[in-house]
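Chains as they are written, first to last, in the numbering used here: chain S, 1 to 335; chain W, 1001 to 1335. Remarks on the structure that follows.
Protein chains: 2
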Amino acid sequence: MITIYDIAKRTGYSPTTVSKVFNNYNDVSVKTRGKILDAAKEMGYLPNSHARTLMTKKSWTIGILFNEPSGVGIRHPFFNGVIDSFKKTAEAEGYDLMFISDNIGGKSSSYVEHCRFRSVDGVIVIMADRKDPGLQELLESGIPCFLLDFESSQAGTICSDNINGSFLAVQYLYELGHRQIAHISGGTDTFAGQQRQLGYEMAIDRLKLKRREEYITGGGGFFSVESGYEAMNRLLDLEQPPTAVLAAGDNLALGAVKAIRNRGLQVPEHISVIGFDDIEAAGLVYPGLTTIRQNVQEMGSRAAQMLIHSIETVRAPESVVLPVELVIRDSCRAI
Amino acid sequence: MITIYDIAKRTGYSPTTVSKVFNNYNDVSVKTRGKILDAAKEMGYLPNSHARTLMTKKSWTIGILFNEPSGVGIRHPFFNGVIDSFKKTAEAEGYDLMFISDNIGGKSSSYVEHCRFRSVDGVIVIMADRKDPGLQELLESGIPCFLLDFESSQAGTICSDNINGSFLAVQYLYELGHRQIAHISGGTDTFAGQQRQLGYEMAIDRLKLKRREEYITGGGGFFSVESGYEAMNRLLDLEQPPTAVLAAGDNLALGAVKAIRNRGLQVPEHISVIGFDDIEAAGLVYPGLTTIRQNVQEMGSRAAQMLIHSIETVRAPESVVLPVELVIRDSCRAI
DNA sequence: CCCCTTATCGAAATGGGTTTCGTTCGAGGA
DNA sequence: TCCTCGAACGAAACCCATTTCGATAAGGGG
């Protein structure tokens, strides 16, 4: 491995001067600078990020933290879209991404320990579980954090306008003539699940529909297809099943569609279903899933910008709410 | 930040001895070891990975390399499943994962440079493009590499038995009575695309079916839904359209189904479609997609094991081919 | 011709750990 | 009692870069 010492020896200058060249110090003459740069290129010099980090305390690394227990991780089509976008923006700003796990060297550890061990400059937290004590510890650690779909006074956050999204959905169903509208919830463990449920409830109230406890079901299994399937079965077992369902996520909605079809019923002929997220599959399935679209790309790149901003300048954390959009396909029909 | 020097001062031992404790040297007495460990725990000591890497030349980091130009990256449901599984195994072995991009600090660089800069111990390459010169350079760099769906003499590889997969699919269609079987190819830029096409051709020959050039189409857009859609349209425009189609990927198959439906035709009533991969959506869509299942989980964990093995021991790179399985759902029908 | 700037450069300390190689000391053998 | 040996520990070099601060020399002003 070529070091600044090798370049120093070759050019006759000191390692100090060589280092200064790469750090754009202005007390190096143009001629010297040129010679050193030439030698560096010729010798194939690359700085050693670890040595640099050791001195500067800056690793140019951002940690990605998934909620491990959920087990969904990087596979969820919404979240990996956000990560993809986040990654592009962060890399353009000079940061690399590293996964943060709950172990170091195979031995269990806290998130904070992992972050300190790797000295990441900041952390983006995806699919946060508000009950996770390790997450709380991280938020209080002083390490710059940014949270997706979460609320916190200690870190910046970004989320879609979940309440309005649910509202748009219910209103749409209402306009189609539906009055018995159920909600398959993502569970109140997650911020998004809770907000979407809240939006649903608010919409029901505002439209002066009858509020029924049994029309809200779900929970368990991080917005999974299976829990959508099970929840829908519960709704279908009701004495008076709903004529329309708002699912808190597209995966839940797809599970619901499957359950409906399993009973020999049709979507949207017998029951209308509307989802949330607009994952790729929503446009592929038959019938196309009407849903509330989150701006995945924007969410990822804004998150990156804001996290990096809070890494590079010490400021109070900012939060953003992104607008959502109703995407009409074929899974809802007028009654 | 607590260092071994702090612990040394506190316990009265030298930094050397403290370091030895953490590295399990056997020339430290049990008593000393206990005292140092106690102090470390009490003071909240964590080793500094960068300082350690600087000395040992080992970062306990594995780079993940996606083919950037394709733009699909982490979003593809097959590949992110593999990564998820890879991640779990690698982390259990003490390695963290970091994305390798084609730039350092925002300035464009080669993959090799990025790997050296971060001194990753090895690289897992996903969705490799055989025409990518940067990849060739990486393979020749001496950095331990492991490739998914690729063939190489310079690095270990893992792939599914693509040829047999296509064969199983064509045979299944044949047994259902189909004789006009087309192939939507993933393109010959990728190893998987090429192998699957080869398997298709071999099956056609072995079953003594008529080989038609116009029945092989596709390419472009890394196994995307759109290219499946376009390819299917081309097949439907033929004078004698096929009665069954083997798509080289589920996304291609889903695009094909969409194109078929767009013409007012039905799957499987008018045309049978079989995919490849068995992504989650395959089981969600209607009709359920019959497909060739790749063992995602196994692929990820085996890849991790084999890469780590080649990092830790100097040996000739190994390669593995994983068996595939026909998953029968509802998108194919007897003619 | 002298003094003070300014431009260039380098010595040395620093960051946090690892590893080689000595040193010390007490125990056991003769 | 002397010698040997192994157990336990530490000094120092090393990994590769950054940064402060001092040194030197050339140039400008009076």
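All C-beta atoms, glycine included, are put in the ideal place defined by N, C-alpha and C. Computed from a predicted model, the values in this text were never measured in an experiment.
Give a yes or no on whether the minimum CB-CB distance between residue i and chain S is below 8 angstroms.
i	result
W/GLU1298	no
W/GLU1312	no
W/LEU1054	yes
W/LYS1258	yes
W/ARG1261	yes
W/LEU1307	no
Does any residue of chain W have a CB that is nearer than 8 angstroms to the CB of residue i?
i	result
S/PRO47	yes
S/SER160	no
S/GLU113	yes
S/HIS50	yes
S/ARG118	yes
S/LEU254	yes
Bridge partners of residue i, per DSSP?
i	result
S/ALA182	S/VAL245
W/LYS1107	W/ILE1104
W/SER1319	W/THR1157
W/ILE1274	W/LEU1246 and W/THR1290
S/CYS145	S/VAL123
W/MET1098	S/MET98 and W/GLY1063
W/GLY1044	Beta-bridge pairing links W/GLY1044 to no other residue.
S/ILE216	S/HIS183
Relative to the ligand ADP, is the shortest distance from any of its heavy atoms to the C-beta of residue i smaller than 7 angstroms?
i	result
W/HIS1270	Absence of the ligand ADP from the depicted structure is noted, as is the absence of any ligand whatsoever, leaving it without description.
Specify, as a first and last residue, the run of the alpha helix (DSSP H) that residue i falls within.
i	result
S/GLU280	280-284
W/GLU1298	1296-1312
W/VAL1267	Here W/VAL1267 belongs to no alpha helix (DSSP H), and DSSP marks it neither H nor E.
S/GLY337	Only positions 1 to 335 of chain S appear in this structure, which leaves residue 337 of chain S out of reach.
S/ASP129	Looking at the DSSP string, S/ASP129 is not in any alpha helix (DSSP H), and its letter there is neither H nor E.
S/ASN164	162-175
W/LYS1020	1015-1022
S/GLU239	Per DSSP, S/GLU239 belongs to no alpha helix (DSSP H) and is neither H nor E.
S/THR89	77-92
S/ASP6	4-11
Within the continuous beta strand (DSSP E) that includes residue i, where are the two ends?
i	result
W/LEU1326	1325-1327
Listed in chain order, which residues of the region 92-107 of chain S have Cβ atoms closer than 7 angstroms to some Cβ of chain W?
-> Those residues of the region 92-107 of chain S that come within reach of chain W (Cβ to Cβ, closer than 7 angstroms) are ALA92, GLU93, GLY94, ASP96, LEU97, MET98, PHE99, SER101, ASN103, GLY105 and GLY106.
Touching or not, the region 1321-1335 of chain W and the region 1118-1130 of chain W, by the rule of three or more beta carbon pairs under 8 angstroms?
-> No, because fewer than three Cβ pairs between the region 1321-1335 of chain W and the region 1118-1130 of chain W fall closer than 8 angstroms, the two stretches do not touch.
Residues in the region 1063-1089 of chain W having any Cβ partner in chain S nearer than 8 angstroms | Of all residues in the region 1063-1089 of chain W, GLY1073, ILE1074, ARG1075, PRO1077, ASN1080, GLY1081, ILE1083, ASP1084 and LYS1087 have a Cβ within less than 8 angstroms of some Cβ in chain S.
Kindly confirm or deny that the region 1085-1101 of chain W and the region 1238-1246 of chain W touch, where touching means at least three C-beta pairs closer than 8 angstroms.
-> Output reads no: the region 1238-1246 of chain W does not touch the region 1085-1101 of chain W.
Tell me, please, whether the region 20-31 of chain S touches the region 59-79 of chain S by the rule of three or more beta-carbon pairs shorter than 8 angstroms.
-> Contact between the region 20-31 of chain S and the region 59-79 of chain S is absent, because fewer than three Cβ pairs lie under 8 angstroms.
Listed in chain order, which residues of the region 279-290 of chain S have Cβ atoms closer than 7 angstroms to some Cβ of chain W?
-> Listed in sequence order: ALA281, LEU284, VAL285 and TYR286.
Proximal residues, the region 1218-1237 of chain W versus chain S, C-beta separation under 7 angstroms = Look at the region 1218-1237 of chain W: the residues with a C-beta under 7 angstroms from a C-beta of chain S are VAL1225.
Are the region 1250-1263 of chain W and the region 1212-1230 of chain W in contact at 8 angstroms, needing three or more beta carbon pairs?
-> Segments in contact, yes.
Three-pair Cβ contact test at 8 angstroms for the region 1193-1210 of chain W versus the region 1163-1173 of chain W = At 8 angstroms Cβ cutoff, the stretches touch.
Determine contact between the region 180-189 of chain S and the region 137-149 of chain S, defined as no fewer than three beta-carbon pairs at a distance below 8 angstroms.
-> Verdict: no, contact absent.
Tell me, please, whether the region 307-314 of chain S touches the region 1009-1020 of chain W by the rule of three or more beta-carbon pairs shorter than 8 angstroms.
-> Proximity of the region 307-314 of chain S to the region 1009-1020 of chain W falls short of the contact definition, fewer than three beta-carbon pairs being nearer than 8 angstroms.
Contact between the region 37-55 of chain S and the region 1033-1043 of chain W (3+ Cβ pairs under 8 angstroms) = No, the region 37-55 of chain S is not in contact with the region 1033-1043 of chain W.
Three CB pairs or more closer than 8 angstroms across the region 1278-1288 of chain W and the region 1120-1133 of chain W = No, because fewer than three Cβ pairs between the region 1278-1288 of chain W and the region 1120-1133 of chain W fall closer than 8 angstroms, the two stretches do not touch.
Evaluate contact between the region 288-296 of chain S and the region 1295-1305 of chain W, counting only Cβ atoms and requiring at least three cross-stretch pairs below 8 angstroms.
-> Under the Cβ criterion (8 angstroms, minimum of three pairs), the region 288-296 of chain S does not count as touching the region 1295-1305 of chain W.
Would the region 1126-1142 of chain W and the region 1058-1067 of chain W be scored as touching if the rule is three or more Cβ pairs under 8 angstroms?
-> The region 1126-1142 of chain W, when compared against the region 1058-1067 of chain W, does touch it at the 8 angstroms Cβ threshold.
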